[in-house]
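Chains as they are written, first to last, in the working numbering: chain A, 1 to 453; chain B, 1001 to 1447.
Below: one structure, written as structure tokens.
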């Protein structure tokens, strides 16, 4: 299955981002929260720029702005000063503090600094949630999941018991604002009351407004997070995170049943998600969604011949790669290389599960890849299509093949925040996109220029 | 808006006496500065050198956030557009990253045959104490190309310190090339980064004047050119902070004089060419320069009229990296008949801010190292029609229903030179005049 990956010392064009970036995005999905990086000024600014270029939203990430003397004597004083200043300017409900490689390496004890802050500072004090995110350890996805786990660990169980028995938690991982809006619609249609954590659907895809909000509206409400311990179950998307996750913490501390499933991309994975919702709610799949599934199957049939046997390279975050690979397999596209910068050790196993008996043989599956490795393998694999974020564009251009843009970041197109990946509806959009990309490629390359398919 | 007390002295309003403005300070913790770090300063300056290997020694973030980040074009090799990193892991942090760095350098130099390698240190390298000098010396000896450490640990100052580190790195190259056959009428172009191909325009102007360009520092830059940069008769320096240190160094070491110029806006562009011509004081060059400016203006000015009529009286705000560019922008907006009501920068000097205060209208806000909330309140207070800045400033403008022009290093439009003035007017016009503002809720009621 997983053959020996190329093993270079240097990294060229990484297929991953650093841990504090993931934590910052997770914190952006909590109502009234300001992300805060305990490190030097550059980290926050670089990540802001990187995130803004995808979402086209203001992304304010505060920083301790450490200088040389702090690196020598410790960053505690600046951390506290920074927290005071953020509080004065933003009046946040929550400050999500993530460390950086600098502060992890000099050994700053953020927990201790926060205890001192608690004693020393008078007046308005936001709730502090902190997560250790040295960027030499893991990718942005570890940062994301660890931040979610930290939020749950810190805030859950501080709220009132749920009385409705319709409450579920959804821990969707890193998906798009459009995906989250759709998840909300689905759970509403099941009459379930879902706490989706984090919820970047408004904070990172905001509306035009008359006045400028210092902290973008939306995000998972504090009260909902506080009550997560009394939900009847949690559904957690993805399998490649660490054992200690938001879902497992809720299960261990409050006995909330944790259901871990793959990202519901494509029909098979989405069926499993809807089955769980039906079981939890005690009702059948709502007619609207059944109809969307029906139309999707109908379109699979209509379009299958244009894509059967097309070879795809899929890359990006591990859980997204698992979801996309399962989807591609079920529409007849052959994934030939699945690559991620992440290194969970579970990628091959989860892809095998997601593709079941559909594929005649498993694709090459490699963790810890960069785009140099991917490009090198692509030369012999001769893919027809790339599926992943926009950083694969140079490769797609070199190979003159279409790039199906999914995930994060999308830096070379509008609307990355509105790409729908999940569910029947997401599969429908992705399916049309892939089929049309293949048709367009054939049409463009043809000397005839057919105006019918 | 209430300002953080520590920030008050970094903001000035033209007309208020006396002029005081504090700058070149470390950013205030928690203020959400728009600045980056030392590494960023070095990286942006050296980035466009297209035939060098740029290896970032550190964890993955610093390299990945600067991958293909600038619109700096190359007429040949494009090694600068790749993002190389040692991707330090926990084990390297514990046991040191020197061995990994050495092996990564050998691997990449063999793979790409660069003309030189720059090795950027990042925060963590400064802490774990890897000896970059020693590693670079060893690799240089074995590979026979210059391997140069860039001392750019993020926390060791602000972006300006990064400019200095980049200049020190380039200074190691200068003086190593053959300088025979260089014209006495020759220059180096410093501080233009060939965004969207701008340096080619400037290059062509100088050629038309009969002036030879020895080295582009650093837009469309080449190692061999920089190595013979000491053969030029004059350094022509744009961009306030970034490359002035190198020019100073070359004055001290090789006696090369330098002049400061800007290629943005009609006045400054023409002035830059005249200053170079006057420096050489050659009648033929002077004549060609006058001819060039005349031709360019005859073509440009009638085309600008259309934009002037449309944009007259509109209000502009400027927030850029270096304040020298801000001067040109103030003048360019004046030429269009627009009013500048706010101007600020990440890394300006006190002298520059003082001069800005002198040339701007009363009430203009002048700000150093601003943050999103300050910028928001200034734009609102001054009822701005267009904001000029970079990617981080863009959503601030758009959320306020204000037009935007990207004048930062990621842009893909030529804004330098005479043709750049026309593009600038077009870009300002196309944002200000767009019908989309009719729908934003600052202008009409929410439905």
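We treat Cβ as the ideally placed atom computed from N, Cα and C, and that holds for glycine.
The way I'd put it, the region 177-186 of chain A does touch the region 406-425 of chain A; three or more beta-carbon pairs between them come closer than 8 Å.
Residue burial annotation: residue 217 (chain A) is exposed, with fewer than 16 other C-beta atoms found within 10 angstroms of its C-beta. Sequence-distant partners of residue 278 (chain A) (beyond 5 residues in either direction) whose C-beta falls short of 8 Å from its own C-beta, in its chain, are 190, 284 and 285. The DSSP-derived three-state label of residue 379 (chain A) is helix.
Take the alpha-carbon of residue 367 (chain A) and the one of residue 345 (chain A): they are about 7 Å apart.
Per DSSP, the continuous beta strand (DSSP E) segment holding residue 338 (chain A) begins and ends at 334-339. With a 10 Å radius around the Cβ and a threshold of 16 neighbouring Cβ atoms, residue 112 (chain A) comes out exposed.
Residue 296 (chain A) has no beta-bridge partner at all, per DSSP. The region 78-85 of chain A and the region 8-21 of chain A do not touch, with fewer than three beta-carbon pairs separated by less than 8 Å. Boundaries of the alpha helix (DSSP H) around residue 1302 (chain B): 1283-1311. Taking a contact as a CB-CB distance under 8 Å, the pair residue 101 (chain A) and residue 136 (chain A) counts as one, their CB atoms being some 6 Å apart. Shortest Cα-Cα distance from residue 1147 (chain B) to any of B:1044, B:1138 and B:1155 involves B:1138.
Counted as a single uninterrupted DSSP element, the stretch harbouring residue 1017 (chain B) is not any alpha helix (DSSP H), since DSSP gives it neither H nor E. Contact fails between the region 1367-1377 of chain B and the region 1149-1156 of chain B, because fewer than three Cβ pairs, one in each stretch, are under 8 Å apart.
Distances from the CA of residue 1076 (chain B) to each of B:1443, B:1323, B:1252 and B:1197 were compared; the closest alpha carbon is that of B:1197. Each residue's CA atom was taken as its position, placing residue 410 (chain A) and residue 390 (chain A) some 5 Å apart. When DSSP reads this structure, residue 1213 (chain B) sits in a beta bridge with B:1187. Counting every other CB atom within 10 Å of its CB across the protein chains shown gives residue 453 (chain A) a total below 16, marking it as exposed. For residue 1001 (chain B), the closest alpha carbon among the candidates B:1249, B:1419, B:1379 and B:1314 is that of B:1379. Beta-bridge pairing by DSSP links residue 130 (chain A) to A:97.
At a beta-carbon threshold of 8 Å, the residues of chain B lying near residue 52 (chain A) are 1391, 1392, 1394 and 1395, ordered along the chain.
For residue 234 (chain A), the secondary structure class from DSSP, reduced to helix, strand or coil, is strand. Its Cα nearest to that of residue 1172 (chain B), the residue B:1227 stands out among B:1227, B:1178 and B:1045. DSSP, read as helix, strand or coil, puts residue 1372 (chain B) in helix.
Taking C-beta atoms under 8 Å as the contact rule, residue 239 (chain A) and residue 398 (chain A) fail to qualify, at a distance of about 32 Å. Of the candidates B:1039, B:1426, B:1256 and B:1289, the residue whose Cα lies closest to the Cα of residue 1271 (chain B) is B:1289. Taking the Cα positions, residue 353 (chain A) is about 38 Å away from residue 44 (chain A). In the DSSP assignment, residue 170 (chain A) falls within the beta strand (DSSP E) that extends over 167-171.
Per DSSP, the beta bridge partners of residue 1387 (chain B) are B:1317 and B:1404. Under the three-state reduction of DSSP, residue 1260 (chain B) is assigned to strand.
By the Cβ rule, the region 18-31 of chain A counts as touching the region 128-142 of chain A, because three or more pairs are nearer than 8 Å.
Looking from the CA of residue 387 (chain A), the closest CA among A:245, A:451, A:320 and A:446 belongs to A:320. Counting the other Cβ atoms within 10 Å of the Cβ of residue 1201 (chain B) gives 16 or more, which makes it buried.
Listed along the chain, the chain A residues whose CB falls inside 9 Å of the CB of residue 1010 (chain B) amount to none; the nearest CB is some 14 Å away.
Taken through DSSP and simplified to helix, strand or coil, residue 1392 (chain B) comes out as coil.
Under the three-state reduction of DSSP output, residue 1364 (chain B) falls in the coil class, being neither helix nor strand.
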